[in-house]
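> Protein sequences, first through last, are from chains A and B. Numbering-wise (this note's numbering), the first sequence opens with residue 1 and increments by one. Numbering-wise (this note's numbering), the second sequence opens with residue 1001 and increments by one. Ideal placement from N, C-alpha and C gives every residue a C-beta, glycine not left out. Mind looking over this structure? Questions follow.
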Amino acid sequence: MVTKASFTKKASLVNFFVYCTRYGQEEGDEYQKVLYYYPPEASEDSKIRTVGLAEAVIRFTGTFNCEHPCEYLTTKKTKQYFYEPEPDFWMAMTIGIPVTEKVKDGVSVPEYCSEDVWSNVYRSILIQSYEMFRFFMGTFESVLTKVSDDVNGLKSRLEHFYSKYVLTMELEHASLLDAIHGLIFLPLDRQNFLKIHCLVNLLEEQYPCARHVVFLYNEMLVWSGLEQKDMQVFYRYLTTNLFPSCAPEVMNSGRMTPQAGRFLLGPPDVKEEENFGKIPHVILHAGPTPEELQLVIYKLQNACICIFIDGTCRPGPVCFPWLFLWDIFYMDNFIYPTDTLQLTMDFFRKLEAFLLTHAPPVVEDVTTQQAKRLHSAAPDQHFKYVYFNRTNLAQKNTVIIEPGDRSSGGIPVEALRLLPDLHSDLHHMGTRVEIAAKMTNDYWVVAKLSDSREFYVVLNQKSASLLEITEEVQKLCRSQFNNIFFVD
Amino acid sequence: MAEVTVLEKDVNEMQLAQDEITHLERRWSQDDELLHGSKEWRDVVKHVFILSEAGKPIYSRHFSEEKLVSLFGVMQALVSCVSDSEDPNELESIQAGGHLFVFLRRSPLILVAVSQAGHSLPFLCIQLEYLYNQVVSVLTCNQLEGIYRQRKNYDLRRLLGGAESLLNRLLDFTDDAPDVLLGAVRCLKLRPASIRDAISNALLSHCSKLRTLVYGVLLAREEVIGMVRMKRCQLHPGDIHLLLNLVRSNESFQNGESWAPICLPHFDPMGFLYCYVSYLSEDCRAILLLLTTDRDMFFPLSDTRCRIVESLRKGKYLEKINEAMENGGYEMKDVDASVGGIEHFLYKHRGSSQYTCSTFPQHLSWKRIYPLYQTLHQRIHSPTRPLKLLYLTGETECILAWETGEFEAYITFGCLVQRSQAIAAVNNLLKWIKSQESSLFLLNLPTF
Chain A
1 MVTKASFTKK
11 ASLVNFFVYC
21 TRYGQEEGDE
31 YQKVLYYYPP
41 EASEDSKIRT
51 VGLAEAVIRF
61 TGTFNCEHPC
71 EYLTTKKTKQ
81 YFYEPEPDFW
91 MAMTIGIPVT
101 EKVKDGVSVP
111 EYCSEDVWSN
121 VYRSILIQSY
131 EMFRFFMGTF
141 ESVLTKVSDD
151 VNGLKSRLEH
161 FYSKYVLTME
171 LEHASLLDAI
181 HGLIFLPLDR
191 QNFLKIHCLV
201 NLLEEQYPCA
211 RHVVFLYNEM
221 LVWSGLEQKD
231 MQVFYRYLTT
241 NLFPSCAPEV
251 MNSGRMTPQA
261 GRFLLGPPDV
271 KEEENFGKIP
281 HVILHAGPTP
291 EELQLVIYKL
301 QNACICIFID
311 GTCRPGPVCF
321 PWLFLWDIFY
331 MDNFIYPTDT
341 LQLTMDFFRK
351 LEAFLLTHAP
361 PVVEDVTTQQ
371 AKRLHSAAPD
381 QHFKYVYFNR
391 TNLAQKNTVI
401 IEPGDRSSGG
411 IPVEALRLLP
421 DLHSDLHHMG
431 TRVEIAAKMT
441 NDYWVVAKLS
451 DSREFYVVLN
461 QKSASLLEIT
471 EEVQKLCRSQ
481 FNNIFFVD
Chain B
1001 MAEVTVLEKD
1011 VNEMQLAQDE
1021 ITHLERRWSQ
1031 DDELLHGSKE
1041 WRDVVKHVFI
1051 LSEAGKPIYS
1061 RHFSEEKLVS
1071 LFGVMQALVS
1081 CVSDSEDPNE
1091 LESIQAGGHL
1101 FVFLRRSPLI
1111 LVAVSQAGHS
1121 LPFLCIQLEY
1131 LYNQVVSVLT
1141 CNQLEGIYRQ
1151 RKNYDLRRLL
1161 GGAESLLNRL
1171 LDFTDDAPDV
1181 LLGAVRCLKL
1191 RPASIRDAIS
1201 NALLSHCSKL
1211 RTLVYGVLLA
1221 REEVIGMVRM
1231 KRCQLHPGDI
1241 HLLLNLVRSN
1251 ESFQNGESWA
1261 PICLPHFDPM
1271 GFLYCYVSYL
1281 SEDCRAILLL
1291 LTTDRDMFFP
1301 LSDTRCRIVE
1311 SLRKGKYLEK
1321 INEAMENGGY
1331 EMKDVDASVG
1341 GIEHFLYKHR
1351 GSSQYTCSTF
1361 PQHLSWKRIY
1371 PLYQTLHQRI
1381 HSPTRPLKLL
1391 YLTGETECIL
1401 AWETGEFEAY
1411 ITFGCLVQRS
1421 QAIAAVNNLL
1431 KWIKSQESSL
1441 FLLNLPTF
């Protein structure tokens, strides 16, 4: 008699480290190559051992002339992912495989579910962790060359960044969405879209230091002046870090009136002369050369206006090129009270005044349109889907992935866990592939890849045949994506 | 205090292992730079290695072990480094682009496959398991474990001398034949089905007279013609594959009767059976295997063969067997007119662990389709989220994978097939198989 329980131990972070093969080549000096290591309480010996094993594995696979470097290593209890973001710099992340207790003949035996640690999902999480660092701090190499303090400067920045970052990775809730890493766009009619476009243009014209502007509504993207690659990282920062941490504040602050806005990043109150709040530096990498800018975000009702400001450029003809030489530029990424010489309180007062003059009517129009749209949306659908277009990174989904093992929105959790498997199969099998799968609980899952478009749907139509499901999916594509061409 | 000392010792040992890997890797990259930089090394589709837990080379599928001594050392060190950490663990696999490295530890051996053939991880694990069973079938677990208990550094090649061809043939066979993936054997198609019963009866009536006889098996090249067995002694498909491999790898069987000890791991991994092998007769090239627990049975078994041949000759069954062997497999066009659109299929009868398939068509590539079958097989048999059915629409073909309590099937169509047409063809195929069941499968295994 075999009974199956839910996970007794969920996927967890065993370790996470960054090392550089340029250092510690001599015996006894191995500790020098470790630039960052989580958990911090690990002994020096175990750090050196883990990093040494990773190096050995990578060298070993290299002797077989693999066209790609080593991606991951699976053991009975863990899965370790590797990524070489820059020459000689390696990152690795080890995930503890979730465990279920199975009762076999009255004895409880642990069973390791390595299938639930999808390679595509978790490796993507590792790569994103690098991109996020690069977004705020720059490449490892640039930090190393900028800071005269040698490798210790890089180490302290890695420590500063990752000691917080690794705790926010939400590994146990990882899903297909982490593997595709898309952007959710707000569906908007042409007129409202043009109004927002005009607002952004006006802002950029009035403030030439505003190099890029991103406009979001309800956490959905409306307008982005960033390159896609940068937008992807920025969007992830907003949705996984900034928005969740800001939400309760909004609720609690009594001074909020429907008309008023506030800086999420920037001075909490422009009437106070000294407090600039957080104005992080960010580095955009998608263009031909890295671009260092400062990020200010203003929230107005449900809208969010993100402005990437070139701090070295003052509105008007005056320019101070020597300001590139700031020494304290990198000192602490999240506290910039006075280094931003251009960003005076006066600047923020004017910016807020500008936004409060021009933005509210636009935002209100969008709100009205959204209310209508929500009202007319078809309730209670018998299917859940994820759509992704790699060309514009647009992602649309009705799969709400809830924490824990409970079913999500009426969908059994196994169906959701099948999605990353199918994602990986589709990409191995070609560019125009479809897989229709019937699970043992009679749910149907259909995954479709049509060049750059991917579509995953879970259908709750028990006892349906393959032909009925085919028809259903075609109908669904027609109704939900009538202007998108899928190859059948 | 004592505990601290032990810990320190462990750490030191691990540090040693670490240094050893680095050292070995350096040696491997220096000594063998010529080899592993060479085109021959790079182009190998699947490396397979066997080594002892002490890191002694035992077998390498391509390139002599002698040249790879330090590579073997590296593999051993990786395996032991993972398993010796504070929290006992086991190295299973490494993925690097299209290369998949699979490690299987079956104490006292370590088996490693390095594949760029696109084969699935579960499939490669099964393949290594077969390879281990092949070693056991030559030595028995008893002997294998005993040797290493006495001498950790033993060079097993001394004992496995001559078994290399068995290992090579097993890998060649398991690389391509779906038998291993499905865990099933294929039977020679015999029509009408009464022929098979008559053959089984002939085997049974003569075999049952010998008290120490366990199995009697009649084989055509890669297929089973008939099997009889002692009561309560199941013949596992994995063991039949080892018998097929024995016959396949041994030229000497062509020259007359032979007698060899063989261990069948699913029957008894600890001991040998003795196997009498011979062609049925000059005029019938089916191979008879008689397995007994008694090492002095050669002559009685030789007599038994003569009697079996006599009975079969009387009923004119030798000709029937020859005819069936000459006909070989069947193509889709031989099946039925109603299965149009199907290019190829595999069908496993789950109750008997036997399968049947159509001849693979020449215009398709098995090297491409077989990995797809493996991927679908992996999804269908997922331990945490198994599937009942999977329909893949690819760029060059469509494949249906379907499992029920009764059967498991993989069916390939051209890429332009309509789904309704595909479903109709599958239903007709299933009907056809049902109607041919007794000539495609050996459904009642007589016992004595």
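1) Using Cβ-Cβ distances below 7 Å, what residues of the stretch 420-447 of chain A are close to chain B?
2) Between which two residues does the alpha helix (DSSP H) carrying B/Lys1434 extend?
3) Please state the DSSP three-state secondary structure of A/Ala260.
4) Between A/Leu393 and A/Gln191, how many whole angstroms is the CB-CB distance? I'm expecting something under 8 Å.
5) Under 7 Å, Cβ to Cβ, is there at least one residue of chain B near A/Cys477?
6) Label A/Ala56 either buried or exposed according to how many other C-beta atoms from any shown protein chain fall within 10 Å of its C-beta, with 16 as the threshold for buried.
7) Could you pull out every residue in the same chain whose Cβ sits closer than 6 Å to the Cβ of A/Ile335, ignoring the five residues on either side in sequence?
8) Under a CB-based cut-off of 7 Å, is A/Ala56 close to chain B?
9) In the DSSP assignment, the beta strand (DSSP E) including B/Glu1397 goes from what residue to what residue?
10) How is the beta strand (DSSP E) around B/Arg1229 delimited, first residue to last?
11) Would B/Thr1304 pass as a contact of B/His1206 if the rule is Cβ separation under 7 Å?
12) Which parts of the stretch 127-209 of chain A are runs of the beta strand (DSSP E), unbroken and 3 residues or longer, counting only runs that do not cross its ends?
13) In angstroms, rounded to a whole number, what distance separates the CA positions of A/Thr75 and A/Phe82?
14) Run through the stretch 1117-1197 of chain B for me and flag every whole alpha helix (DSSP H) of 4 or more residues, listed as ranges in chain order.
15) Can you pull the chain A residues whose beta carbon is under 7 Å from the beta carbon of B/Ile1021, in chain order?
16) Among the residues of its own chain, which have a CB less than 8 Å from the CB of A/Thr470, if the five just before and after it don't count?
17) What residues in the stretch 1380-1397 of chain B have a beta carbon less than 7 Å from any beta carbon of chain A?
18) For chain A, find out if any of its Cβ atoms is closer than 7 Å to the Cβ of B/Ser1205; answer yes or no.
19) Applying the criterion that 16 or more other CB atoms from any shown protein chain within 10 Å of the CB defines a buried residue, is B/Gly1327 buried or exposed?
20) What are the boundary residues of the alpha helix (DSSP H) that B/Ser1382 is part of?
21) Based on the DSSP output, what are the partners of B/Ser1451 in its beta bridges?
22) Is the stretch 86-106 of chain A in contact with the stretch 1077-1095 of chain B, if contact means three or more CB pairs nearer than 8 Å?
23) Count the other CB atoms within 10 Å of the CB of A/Ala371; is the residue buried (16 or more) or exposed (fewer)?
24) When the Cα of B/Ser1358 is compared with those of B/Phe1173, B/Gly1118, B/Tyr1330, B/His1119, which residue comes out closest?
25) Taking DSSP as the reference, what is the three-state secondary structure of B/Gln1362?
26) Let's test the definition: count the other Cβ atoms within 10 Å of the Cβ of A/Ala353 and tell me whether it reaches 16, buried, or not, exposed.
27) For a cutoff of 7 Å on Cβ pairs, would you count A/Arg59 as touching chain B?
28) Mind pulling the chain A residues with CB within less than 9 Å of B/His1062?
29) Does DSSP put A/Thr340 in a helix, in a strand, or in coil?
30) Below 7 Å on C-beta distance, what does B/Phe1448 contact in chain A?
31) Is the CB-CB distance between B/Ile1225 and B/Ala1286 below 7 Å?
32) Please state whether the Cβ-Cβ distance between A/Arg349 and A/Lys299 is less than 7 Å.
33) Excluding the five sequence neighbours on either side, which residues of its own chain have a C-beta within less than 7 Å of the C-beta of B/Leu1264, listed in chain order?
34) With B/Gly1073 as the anchor, note down where its alpha helix (DSSP H) starts and where it stops.
35) Going by DSSP, what residue range makes up the beta strand (DSSP E) through A/Gln474?
36) Short of 6 Å in beta carbon distance, which residues of its chain neighbour A/Ala42, apart from the five on each side in sequence? Order them along the chain.
According to the structure data:
1) Along the stretch 420-447 of chain A, going in chain order, the ones with a CB nearer than 7 Å to a CB of chain B are Asp421, Asp425, Met429, Gly430, Arg432, Val433, Glu434, Ile435, Ala436, Ala437, Lys438, Met439, Thr440.
2) It spans 1419-1440 - the alpha helix (DSSP H) in which B/Lys1434 sits, taken as one unbroken run.
3) A/Ala260 falls in the coil class under three-state DSSP.
4) That belief does not hold up - the Cβ atoms of A/Leu393 and A/Gln191 are roughly 25 Å apart, past 8 Å.
5) For A/Cys477, the answer is no, since every Cβ of chain B falls outside 7 Å of its Cβ.
6) Counting Cβ neighbours within 10 Å, A/Ala56 comes out buried, since at least 16 surround it.
7) Reliability fails at A/Ile335, whose pLDDT of 36 lies under 50, so the model's placement of it is uncertain and the value that follows must be treated cautiously. For A/Ile335, where only same-chain residues beyond five positions count, there are no Cβ hits under 6 Å.
8) Closer than 7 Å to some Cβ of chain B, the Cβ of A/Ala56 qualifies, so yes.
9) Run containing B/Glu1397: 1397-1403, per the beta strand (DSSP E) assignment.
10) Bounds of the beta strand (DSSP E) holding B/Arg1229 are 1223-1229.
11) Contact check for B/Thr1304 against B/His1206 passes: the beta carbons are separated by less than 7 Å.
12) Complete beta strand (DSSP E) runs here, min 3: none at all.
13) C-alpha of A/Thr75 to C-alpha of A/Phe82: approximately 14 Å in a straight line.
14) Correct list: 1121-1150, 1164-1176, 1178-1182.
15) In chain order: Ala56.
16) Cβ neighbours of A/Thr470 beyond the five flanking positions: Ala436.
17) Going along the stretch 1380-1397 of chain B in chain order, one finds Ser1382, Pro1383, Thr1384, Arg1385, Pro1386, Leu1387, Lys1388, Leu1389, Leu1390, Tyr1391, Leu1392, Thr1393, Gly1394, Glu1395 with a Cβ nearer than 7 Å to chain A.
18) So, not an interface residue.
19) Correcting the residue identity first, residue 1327 of chain B is Asn in this sequence and not Gly. Taking a 10 Å sphere around the C-beta of B/Asn1327, we find fewer than 16 other C-beta atoms and assign the residue as exposed.
20) Counting along the chain, no alpha helix (DSSP H) covers B/Ser1382, and no H or E run does either.
21) Lying before the first or after the last residue shown, residue 1451 of chain B is absent from chain B, which here runs from 1001 to 1448.
22) The stretch 86-106 of chain A, when compared against the stretch 1077-1095 of chain B, does not touch it at the 8 Å Cβ threshold.
23) Counting the other Cβ atoms within 10 Å of the Cβ of A/Ala371 gives fewer than 16, which makes it exposed.
24) Ranking the options by Cα distance to B/Ser1358, first place goes to B/Tyr1330.
25) The answer is coil: DSSP assigns B/Gln1362 none of H, G, I, E or B.
26) So A/Ala353 ends up on the exposed side.
27) A/Arg59 counts as touching chain B.
28) One finds nothing in chain A with a Cβ atom closer than 9 Å to the Cβ of B/His1062; even the nearest lies about 12 Å away.
29) Below a pLDDT of 50, predicted positions are generally treated as unreliable, and A/Thr340, at 46, falls in that range; no measurement from the model is reported.
30) Correct list: empty, because the minimum Cβ distance to chain A is about 33 Å.
31) Taking 7 Å as the Cβ cut-off, B/Ile1225 and B/Ala1286 qualify as a contacting pair.
32) Not in contact: A/Arg349 and A/Lys299 (Cβ atoms no closer than 7 Å).
33) So the list reads Ser1137, Asp1239, Leu1242, Leu1273, once near-sequence residues are dropped.
34) Element bounds for B/Gly1073: 1069-1083.
35) Segment 466-480 is the alpha helix (DSSP H) holding A/Gln474; no beta strand (DSSP E) there.
36) Hits under 6 Å: none found.
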